[in-house]
Every structure is written in C-alpha cells, then in structure tokens.
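A short worksheet on the structure shown next.
Residue numbers (this note's numbering): 131 to 190.
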C-alpha cells in the first residue's frame, strides 16, 4: 500500500504538468484528462512494462 507522501508527490507532479500546459496553451486540463492522455500514450509505447521495473508492485 502506498503512503500519503507518495500520493502527495504524484499530485505535485500532476499539478506541475497542469500548470505547464496552462502556460504553454492557455487551456485548463483536468487531472483526469491528463492521466487519461498519459495512460493512452504509454499504452502505445512498446516499452510500457519498463515503467514498472523500478520497484515491485505492492498493491494489496
């Protein structure tokens, strides 16, 4: 199970990406839409499994 600190860190990354998109495009993108795009782009990659190589899954 992931700790609160990890979730906060993930939120920080998403908020940073949202801010960058807003600055560059002038458009607001929801976190949900942002995650949807990230997942769609990752699923098109041939190396998706490598995204999870850093540490074993700990979802219980």
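Glycine included, each C-beta is placed from N, C-alpha and C at the ideal position.
Smallest Cα separation from residue i: which of the options?
i           : options       : result
residue 159 : 183, 148, 142 : 148
residue 141 : 177, 164, 173 : 164
For the alpha helix (DSSP H) that residue i lies in, which residues bound it at each end?
i           : result
residue 162 : 161-173
Can you say whether residue i is buried or exposed, counting buried as having 16 or more other CB atoms within 10 angstroms of its CB?
i           : result
residue 173 : exposed
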